[in-house]
Ligand code: ADP
């Protein structure tokens with residue numbers, strides 16, 4: 001029997017308190033998933049207004065007059081079953097906008113300092129700033145936590161760190177002129193440290209210094225070693241290949257449960273979805289139709305390939321299919337989708353915005369969920385689609401490739417198919433996938449068998465939680481046994 005392990009998770013978002021994407025879901029889910037394995041996670045997040053409003057009574061643990069130039073407190077609070085540590089630094093975090101963007105959609109100019117402060121606070125906690133509590137291992141999520149090992153080294157804290165890459169596209173780059181402001185040691189600014197072509201890279205700091213690296217799917221772990229997906233850091237990843245594992249994300253199967261989801265009309269079979277489908281058509285103002293009703297729930301960014309989908313859409317609409325899209329982000333893409341919906345309101349419905357309850361209704365009502373990403377570290381919406389019998393039609397990349405079994409002849413014959421996969425970044429391939437969706441849908445008994453397969457796939461944390469637990473245990477044991 002291994003002893004209880006204390007983990008400090010460090011992240012810029014955590015569901016359900018503050019979320020812009022899948023990172024938040026994973027950070028919010030892991031403490032619950034790992035508790036049965038003897039892993040106790042405290043999660044350090046910034047005190048954004050939304051967080052401060054939700055935590056209620058919090059206990060101050062320590063105060064700094066000058067945390068990278070600003071006054072700050074660390075508060076402890078229990079919230080939504082999570083054990084939170086909150087970096088309350090109003091000069092850095094008491095703002096509108098999103099965690100990363102101001103109200104006009106631009107990056108906050110001091111994001112480097114804001115998240116360096118988060119990492120600095122994490123290092124202080126590792127070094128013993130909280131009375132009676134020290135983590136055995138730190139779990140760092142994405143670039144916002146990447147500088148933590150640099151500060152730990154400066155402070156003499158020696159616990160092992162796990163760095164999880166949720167998306168390699170974001171490097172946390174800033175000018176070398178910021179070395180002093182961020183109180184980074186000039187000695188670390190070189191090719192083996194946190195320098196990236198003359199800039200400071202918070203992500204690279206974590207990638208080079210953490211004892212273990214993980215990413216959110218086995219395929220993305222392989223892809224990161226290639227120039228095509230490594231985003232300029234593939235060489236760093238190749239050099240650390242032996243430290244890297246791909247551990248697939250899960251979803252919270254209590255929140256995403258078609259039998260008990262309060263946002264929908266409950267169902268347990270594909271045929272039971274009908275009332276939700278009817279309601280979804282009505283909600284998006286779509287006509288009755290012969291073809292499949294597909295949905296997209298996504299950030300609107302180049303990564304997600306939704307410009308490709310606009311071009312391939314005639315293959316779906318032309319066969320009586322329909323599309324309901326919920327998303328926000330890139331202004332041009334928002335405009336392009338609104339224009340497409342205005343031109344064909346019977347078949348295309350678009351909601352610009354972020355709406356969790358609506359997203360549940362969409363997966364419940366949909367025949368298919370489309371995820372045509374150019375790259376996708378893991379992806380969560382295809383997992384919701386599987387669980388709710390909305391057949392995933394996905395690009396064959398990253399976690400999408402790891403979670404959907406393509407309906408080719410062999411998989412159809414052996415009844416193991418759970419969706420349709422296609423070559424990424426290709427309008428002809430996406431067109432062919434949409435055509436196949438319509439063909440499969442036309443054979444309702446077959447289509448419902450596929451939906452049934454999808455609904456029984458394991459999509460929770462049952463497979464991945466033990467992998468994280470084993471990693472944390474191994475690192476903690478190695479650290480204890482080190483001379
Ligand atoms: P990413 O993290 O790259 O945005 P993921 O698929 O990993 O992509 O996670 C996105 C998460 O955010 C999912 O839980 C998805 O349902 C949710 N989501 C994205 N856009 C919206 C939206 N407009 N409304 C509601 N939920 C959304």
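In my numbering, the protein residues as written are 1 to 483.
Every residue, glycine too, gets a C-beta built ideally from N, C-alpha and C.
Alpha-carbon spacing of residue i relative to residue j, whole angstroms
i	j	result
residue 244	residue 20	26 Å
residue 176	residue 209	19 Å
residue 330	residue 453	35 Å
residue 334	residue 126	43 Å
residue 469	residue 146	21 Å
residue 81	residue 242	35 Å
residue 473	residue 259	36 Å
residue 132	residue 40	15 Å
residue 159	residue 57	30 Å
residue 229	residue 375	8 Å
residue 38	residue 282	47 Å
residue 320	residue 371	20 Å
residue 105	residue 352	15 Å
residue 247	residue 383	15 Å
residue 299	residue 305	10 Å
residue 301	residue 169	12 Å
residue 83	residue 134	14 Å
residue 151	residue 28	25 Å
Residues of its chain near residue i, where Cβ-Cβ distance is below 6 Å and the 5 sequence neighbours each way are ignored
i	result
residue 416	405
residue 136	5, 6 and 476
residue 173	199 and 201
residue 484	As shown, the chain starts at 1 and ends at 483. That puts residue 484 outside it, with no answer to give.
residue 284	324 and 349
residue 483	none
residue 494	This structure leaves residue 494 out entirely; the chain is present only between 1 and 483.
Whole-angstrom C-beta distance between residue j and residue i, which should lie under 8 Å
i	j	result
residue 289	residue 332	About 28 Å separates the two Cβ atoms, so there is no contact after all.
residue 213	residue 238	Not confirmed; about 12 Å, so no contact.
residue 286	residue 347	7 Å
residue 369	residue 327	With a Cβ gap of about 13 Å, residue 369 and residue 327 do not count as contacting.
residue 148	residue 85	Rounded, the Cβ-Cβ distance is 13 Å, inconsistent with contact.
residue 294	residue 366	6 Å
residue 161	residue 138	5 Å
residue 68	residue 117	5 Å
residue 9	residue 30	7 Å
residue 377	residue 216	5 Å
residue 402	residue 219	5 Å
residue 386	residue 418	6 Å
Three-way DSSP call (helix, strand, coil) for residue i in this model
i	result
residue 322	strand
residue 354	coil
residue 118	helix
residue 183	coil
residue 154	helix
residue 302	helix
residue 365	helix
residue 452	helix
residue 195	strand
residue 79	strand
residue 1	Low confidence applies here, because residue 1 scores a pLDDT of 47, under 50, leaving its location unreliable; read the following figure in that light. If DSSP states are grouped into helix, strand and coil, residue 1 belongs with coil.
residue 407	coil
residue 257	coil
residue 268	coil
residue 468	helix
residue 359	helix
residue 59	strand
residue 214	strand
residue 163	strand
Other residues of its chain near residue i: CB distance less than 7 Å, five sequence neighbours each side excluded
i	result
residue 234	224, 225, 226 and 227
residue 451	270, 389 and 391
residue 341	348, 349 and 350
residue 362	280, 295, 297, 324 and 326
residue 354	328
residue 268	258 and 259
residue 256	384 and 387
Other residues of its chain near residue i: CB distance less than 8 Å, five sequence neighbours each side excluded
i	result
residue 25	15, 19, 249, 251, 252 and 380
residue 108	95, 97, 100, 101, 102 and 114
residue 189	176, 179, 195 and 200
residue 23	11, 12, 13, 141, 142, 166 and 167
residue 427	308, 311 and 312
residue 182	68, 112, 113, 116, 147, 174 and 200
residue 186	179
residue 52	86, 88 and 94
Query raised in the report: Counting Cβ pairs closer than 8 Å, one from the stretch 73 to 93 and one from the stretch 108 to 123, do we hit at least three?
Result: The stretch 73 to 93 vs the stretch 108 to 123: in contact.
Query raised in the report: Counting pairs of beta carbons, one from the stretch 33 to 42 and one from the stretch 458 to 465, are three or more of them closer than 8 Å?
Result: With a cut-off of 8 Å, the stretch 458 to 465 and the stretch 33 to 42 count as touching, because enough Cβ pairs lie within range.
Requested in this report: Specify whether the stretch 418 to 436 and the stretch 306 to 315 touch according to this definition: at least 3 beta carbon pairs, one from each stretch, less than 8 Å apart.
Outcome: By the Cβ test, the stretch 418 to 436 is in contact with the stretch 306 to 315, since at least three Cβ pairs between them sit closer than 8 Å.
Requested in this report: Kindly confirm or deny that the stretch 262 to 271 and the stretch 394 to 412 touch, where touching means at least three C-beta pairs closer than 8 Å.
Outcome: Flag = no, the stretch 262 to 271 and the stretch 394 to 412 do not touch.
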